[in-house]
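**Q** Residue numbers (the numbering used here): 50 to 759. Where is the CB? At the ideal position from N, CA and C, for every residue including glycine.
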Amino acid sequence: MAILSWSVTASGVGVVTLDVPGEAVNTFSHAQSGELWGCLEALGADPAVRAVVLRSGKRDSFIAGADINQFVAFPSAADAEASSRAGHAFIDRVEGFPKPIVVAIHGTCLGLGLELSLACDYRVASDHPKTQLGLPEIQLGILPGAGGCYRLPRQIGARAALDIILAGKSERAAKALKLGLVDEVVPESILVATAVAAALRLAGGDRVRAPSRGIQAALLDGNPLGRRLVYRAARAQVIKRTQGNYPAPLAAIDVIRTGLESGKEAGLAAEARAFGALAVTPESRALVGIFFATTALKKDDGVEPGTAHPREVAHLGVVGAGFMGAGIAGTAVTTAKVDVRMKDADLARVANGLRAAIEVPQGQLTRRRINRFEFERLAALISGGADYRGFARADLVIEAVFEDLAVKRTVVAELEAVLPAEAIVASNTSTIPIARIAEGARHPERILGMHFFSPVDRMPLLEVIPTSKTGPDAIATAVRFGRRLGKTVIVVADRPGFWVNRILAPYFVEAGHLVLEGTPIDVIDRVMVKYGFPVGPIALLDEVGVDVAAKGGVVMREAFGDRLAPAATIDRMVAAGRLGRKTGSGFYLYHEGHKTDPDPKVYDLFGVKPLAGADPGLVTRRLIFPLLNEAARAFGEGVVRSARDGDIGAIFGIGFPPFRGGPLRTIDGIGAAVVVATLEELARVHGERFAPCDALRVRASTGERYYPAT
Ligand code: NAD
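1. In three-state terms, what does DSSP make of residue 78?
2. Please state whether DSSP places residue 224 in a helix, a strand or coil.
3. Are at least three pairs of beta-carbons, each pair with one atom in the region 196-214 and one in the region 290-305, less than 8 Å apart?
4. Can you round the beta-carbon distance between residue 266 and residue 208 to whole angstroms, since I take them to be within the 8 Å contact cut?
5. Would you check if the distance between the CB atom of residue 173 and the CB atom of residue 151 is smaller than 8 Å?
6. I'd like the span of the beta strand (DSSP E) that includes residue 391, first residue to last.
7. Which residue wins for smallest C-alpha separation from residue 148, given the options 128, 390 and 96?
8. Might you give, ordered along the chain, the residues of its own chain that have their beta carbon closer than 8 Å to the beta carbon of residue 791, omitting 5 neighbours on each side?
9. Given a threshold of 16 other Cβ atoms within 10 Å of its Cβ, counted over all protein chains shown, does residue 723 qualify as buried or as exposed?
10. Relative to the C-alpha of residue 372, which candidate in 505, 479 and 443 has its C-alpha closest?
11. Comparing the CB of residue 460 with every heavy atom of ligand 1, is any distance shorter than 7 Å?
12. Please list the segments of the alpha helix (DSSP H) lying wholly inside the region 372-456, counting only runs of 4 or more residues, in order along the chain.
13. Tell me the start and end of each unbroken beta strand (DSSP E) in the region 510-563 that is at least 3 residues and wholly inside, in chain order.
14. Could you tell me if residue 421 is buried or exposed, where buried requires 16 or more neighbouring beta carbons within 10 angstroms of its beta carbon?
15. Using 10 angstroms around the beta-carbon of residue 526, count the other beta-carbons present and answer buried if the total reaches 16, otherwise exposed.
16. In chain order, what residues of the same chain lie with their CB nearer than 6 Å to the CB of residue 137, ignoring the 5 residues before and after it?
17. So, using beta-carbon positions, are residue 461 and residue 450 closer together than 8 Å?
18. Express the C-alpha separation of residue 256 and residue 100 in angstroms, rounding to a whole number.
19. If we cut at 8 Å on Cβ distances, does residue 291 have a partner in chain D?
20. Take residue 134 as the anchor and find which of 313, 489 and 188 has the nearest alpha-carbon.
21. Helix, strand or coil for residue 508, going by three-state DSSP, please let me know.
22. Kindly indicate which residue of 478, 497 and 437 has the alpha-carbon position closest to the one of residue 466.
23. Report, in whole angstroms, the separation of the C-beta atoms of residue 753 and residue 672, which I expect to be a contact under 8 Å.
24. Where does residue 111 sit, in a helix, a strand or coil, going by DSSP?
25. Please classify residue 72: does DSSP put it in a helix, a strand, or coil?
26. Flag this pair as yes or no: are the beta carbons of residue 480 and residue 367 separated by less than 8 Å?
27. Taking 8 Å as the threshold, find out whether the region 348-358 comes into contact with the region 392-409 through three or more Cβ pairs.
28. By how many angstroms is the C-alpha of residue 703 removed from the C-alpha of residue 692?
29. Starting from residue 104, follow the beta strand (DSSP E) in both directions and report where the run begins and ends.
30. Enumerate in chain order the residues of its own chain whose CB-to-CB distance from residue 607 is below 7 Å, with the five nearest sequence positions on each side excluded.
31. By alpha-carbon positions, which one of 495, 532, 232 and 440 ends up nearest to residue 509?
32. Could you give the C-beta distance for residue 470 and residue 498, rounded to a whole number, given that I count them as a contact under 8 Å?
33. If contacts are defined as beta-carbon pairs under 8 Å, then residue 231 and residue 102 qualify, I think. What distance do you get, rounded to the angstrom?
34. Using the DSSP secondary-structure output, state which residues sit across from residue 171 in a beta bridge.
35. Below 8 Å, how does it come out for the region 321-337 and the region 110-125: are there three or more Cβ pairs, yes or no?
36. Mind checking whether residue 516 and residue 483 have CB atoms under 8 Å apart?
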């Protein structure tokens with residue numbers, strides 16, 4: 050199938066339009082490179098053609114990158130390396146093309162798209178916010194493998210290139226211009242005309258001016274000694290950020306260095322070799338798995354396709370203008386740009402809620418994601434009152450009132466009296482079964498859970514919880530609206546703790562036991578950061594609120610027995626008024642709201658002395674294996690629909706290390722039999738709460754996996 054077409058202007062510029070049929074964005078594969086080369090050869094041979102412009106036929110995508118399906122298909126490092134070498138050969142041919150090539154970039158220009166652009170003679174970008182240039186490969190556990198590690202530093206300097214490649218980030222056009230990544234930025238309406246004019250200038254013998262990068266860049270980037278400092282700083286930063294858990298950024302630093310210090314041939318050879326080795330690492334397989342999972346979830350409404358008529362939410366009601374209600378309202382106006390009406394018990398609380406909600410778009414304004422005009426428009430979308438005025442228009446209402454069954458039931462009854470037919474009611478409860486909230490409702494088919502995480506505007510996950518009575522329309526409406534809020538949405542069963550808090554429970558329980566035994570708080574947190582979590586469990590307890598964890602703990606013990614009974618640590622902390630960050634005292638000390646060191650008084654509270662010489666391996670096993678065990682158990686109970694959803698929930702909900710791919714993938718990696726044996730050993734020494742669940746035992750004996758072996 051043809052992916053491109055071309056025409057020649059009267060002035061002699063061949064304008065090539067790339068448009069992969071049947072896809073929303075252009076991705077590029079090696080098969081397609083043959084077609085592009087064929088076209089270039091034809092234009093090269095045509096004496097009427099003086100220069101070439103390459104553009105995209107897609108709305109907001111130049112080239113979004115290489116086709117990621119390619120990566121998973123590599124059976125070996127050698128195959129992946131060969132593919133990188135083939136990419137080099139193609140890009141080299143483009144670079145050596147005898148006539149000038151100008152790229153006209155509008156929309157995403159990522160990965161292979163940018164690598165191709167870097168080999169062309171001149172880059173013009175549209176000033177549209179959708180125009181983004183970057184090399185995101187690191188996020189998939191690999192590195193730019195079509196010359197990006199070699200060409201980007203030569204184009205914009207070592208420091209700026211490391212900044213982009215190591216974070217896998219993309220830049221808007223204005224920043225790209227400043228960096229020297231593009232040569233011109235113009236409005237989209239004149240993009241192609243500008244590119245054609247540039248092509249004619251180059252054909253007429255004009256030279257492209259090299260961008261000037263300032264004194265500091267010249268000192269650091271411009272000589273080998275300065276660059277040595279740059280590489281060293283980059284390495285230290287990567288180790289600090291990743292704890293050495295991710296091989297790709299470290300490999301990228303070496304490859305970039307080889308390219309800059311030893312020349313093109315050595316640089317490209319190092320790049321292909323590293324690309325090959327990284328493509329088959331378990332880290333890359335896990336990260337690519339996450340990419341596919343989130344992509345699939347974007348198309349998954351949580352019901353059988355074709356069985357639901359989701360409602361378009363234009364008016365959202367939020368009952369309870371407290372911490373969560375305000376976060377939901379603020380996120381809804383900022384991200385989904387819908388009209389939001391808040392309701393609380395009195396006007397003072399409503400006013401507080403409105404103020405807190407507006408902090409979300411305010412944050413966007415401060416970070417210059419939106420301008421003042423847009424901010425005013427978004428802020429005007431939120432209103433509120435102490436009654437249900439305005440709720441007669443609501444398509445969806447999310448309640449975030451006190452965590453009290455009677456209060457929640459009253460709210461449901463009040464809502465049913467004022468809402469239009471078909472409106473959906475969602476509860477943000479974290480511990481009350483949704484079915485109990487829906488008991489006695491006139492329309493239980495329109496009631497479900499939408500469990501947000503705090504802070505709502507920053508946490509990427511949403512759990513949607515149908516009951517046995519919830520209808521498919523309500524599920525699909527909630528899932529789609531969650532996506533409009535920018536969330537990754539998983540549909541989970543109405544079981545205590547749902548998915549995320551269920552698997553988090555034993556992790557918190559064990560952290561509590563470890564502290565009671567005198568394991569130093571900083572050791573506990575440090576080993577989990579080393580394992581790959583963004584923060585450790587004790588810091589997380591302080592963040593969530595020790596009282597909140599205590600309440601959750603009671604529910605989990607009631608539902609699941611002593612296995613998930615919180616350690617005495619938690620109640621004693623609550624009794625001492627040490628509730629975490631919000632009270633300025635918890636397991637850690639706080640200075641002006643900022644966490645500092647573990648508070649030594651905490652050990653006195655439990656009558657222990659911090660132990661010297663705690664075994665980090667044992668601490669890790671005691672924290673992680675119960676989490677794996679609970680994930681296997683809850684999966685066996687059908688709390689999540691698939692291993693994919695379970696792993697995504699753990700990664701986005703509790704920060705389970707992405708490079709491990711989630712708890713279920715981790716079990717596959719270790720092997721269920723080894724997980725069972727480890728849990729049995731822990732149970733022998735530390736108590737029955739570690740006993741492996743039946744679901745794991747079955748897997749250990751049958752060898753069944755959560756994912757097919759790769
Ligand atoms: P909060 O105390 O900050 O807010 C609750 C608000 O509800 C208060 O402003 C209160 O005045 C209002 N309210 C109570 N009864 C009401 C009624 N009948 N009508 C209208 N407003 C009423 O509590 P929160 O932390 O925002 O939690 C709200 C809900 O979200 C709870 O169900 C909680 O379990 C859940 N949740 C909380 C978190 C969290 O981290 N705080 C996370 C996920 C879910």
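**A** Reading it off the structure:
1. As a working mapping, residue 78 is identified with position 29 in the sequence shown. In the structure shown, residue 78 sits in coil (DSSP, three-state: anything other than H, G, I, E or B).
2. Working through the sequence shown from its first residue, we reach residue 224 at position 175. Looking at residue 224 - three-state DSSP - the assignment turns out to be helix.
3. The region 196-214 makes contact with the region 290-305, as at least three CB pairs between them are under 8 Å.
4. Locating residue 266 in the sequence shown gives position 217, where the first residue counts as 1. Locating residue 208 in the sequence shown gives position 159, where the first residue counts as 1. With a Cβ gap of about 7 Å, residue 266 and residue 208 count as contacting.
5. Here the question's residue 173 lines up with position 124 in the sequence shown. Here the question's residue 151 lines up with position 102 in the sequence shown. Yes, Cβ-Cβ distance for residue 173 and residue 151 is below 8 Å.
6. To locate residue 391, count along the sequence shown from 1; it is residue 342. Where residue 391 is concerned, the enclosing beta strand (DSSP E) stretches over 388-392.
7. Here residue 148 corresponds to residue number 99 of the sequence shown, with the count starting at 1. Comparing Cα-Cα distances from residue 148 to each of 128, 390 and 96, the minimum goes to 96.
8. Outside the modelled stretch of the chain, which goes from 50 to 759, sits residue 791, for which no answer is possible.
9. For the purposes of this step, residue 723 is taken as the residue at position 674 of the sequence shown. Exposed: under 16 other Cβ atoms inside 10 Å.
10. Within the sequence shown, the letter at position 323 stands for residue 372. Taking only the C-alpha atoms, the option nearest residue 372 is 505.
11. If you number the sequence shown from 1, residue 460 lands on position 411. Yes, the Cβ of residue 460 comes within 7 Å of a heavy atom of ligand 1.
12. 372-380, 396-415 and 421-428
13. 510-515 and 537-540
14. Against the sequence shown, residue 421 aligns to sequence position 372. With fewer than 16 Cβ atoms within 10 Å of its Cβ, residue 421 is classed as exposed.
15. Taking the first residue of the sequence shown as 1, we reach residue 526 at position 477. Residue 526 comes out buried.
16. By one-based count along the sequence shown, residue 137 stands at place 88. Excluding positions up to five away in sequence, the list reads 196 and 317.
17. Residue 461 sits at position 412 when you count from the first residue of the sequence shown. Residue 450 sits at position 401 when you count from the first residue of the sequence shown. In this structure, residue 450 does not lie closer than 8 Å to residue 461 by Cβ.
18. Residue numbering aside, residue 100 sits at position 51 when the sequence shown is read from its first letter. Residue numbering aside, residue 256 sits at position 207 when the sequence shown is read from its first letter. Near 14 Å, if we compare the C-alpha coordinates of residue 256 and residue 100.
19. Of the protein chains in the structure, only one exists, and it is not chain D.
20. For the purposes of this step, residue 134 is identified with residue 85 of the sequence shown, where counting begins at 1. Residue 313 is the option with its Cα nearest to residue 134.
21. Position 459 of the sequence shown, counted from the start, is the residue given in the question as residue 508. Collapsing the DSSP output to three states places residue 508 in coil.
22. Counted from its first residue, the sequence shown places residue 466 at position 417. The option with the nearest alpha carbon to residue 466 is 437.
23. Counting from 1 along the sequence shown, the entry for residue 753 is found at position 704. Counting from 1 along the sequence shown, the entry for residue 672 is found at position 623. 26 Å between Cβ atoms; not a contact.
24. Residue mapping note: residue 111 aligns to position 62 of the sequence shown, counting from 1. Of the three classes helix, strand and coil, the one that applies to residue 111 here is strand, per DSSP.
25. As a first step, residue 72 must be located in the sequence shown, where it is residue number 23. Three-state DSSP puts residue 72 in coil, outside helix and strand.
26. Here residue 480 refers to the residue found at position 431 when the sequence shown is read from its first residue. Here residue 367 refers to the residue found at position 318 when the sequence shown is read from its first residue. No; because the gap between Cβ atoms is not below 8 Å, this pair is not in contact.
27. no
28. Numbered from 1 along the sequence shown, position 643 holds the residue referred to as residue 692. Numbered from 1 along the sequence shown, position 654 holds the residue referred to as residue 703. Approximately 16 Å between the Cα atoms of the pair.
29. Sequence index remark: in the sequence shown, residue 104 carries index 55 (1-based). From DSSP, the beta strand (DSSP E) with residue 104 extends over 100-105.
30. In the sequence shown, residue 607 corresponds to position 558, counting from 1. Contacts found: none.
31. Taking the sequence shown and counting its residues from 1, one reaches residue 509 at position 460. Nearest Cα to residue 509 within the set 495, 532, 232 and 440: 532.
32. Taking the sequence shown and counting its residues from 1, one reaches residue 470 at position 421. Taking the sequence shown and counting its residues from 1, one reaches residue 498 at position 449. Residue 470 to residue 498, Cβ: 22 Å. No contact.
33. The sequence position of residue 231 within the sequence shown is 182, counting from 1. The sequence position of residue 102 within the sequence shown is 53, counting from 1. So it is not a contact: roughly 14 Å between Cβ atoms.
34. The residue you call residue 171 lines up with position 122 of the sequence shown. Looking at the DSSP assignment, residue 171 forms a beta bridge with 151.
35. yes
36. As a first step, residue 516 is located in the sequence shown; it is residue number 467 there, counting from the start. As a first step, residue 483 is located in the sequence shown; it is residue number 434 there, counting from the start. It is a contact, given that the beta carbons lie within the stated cut-off.
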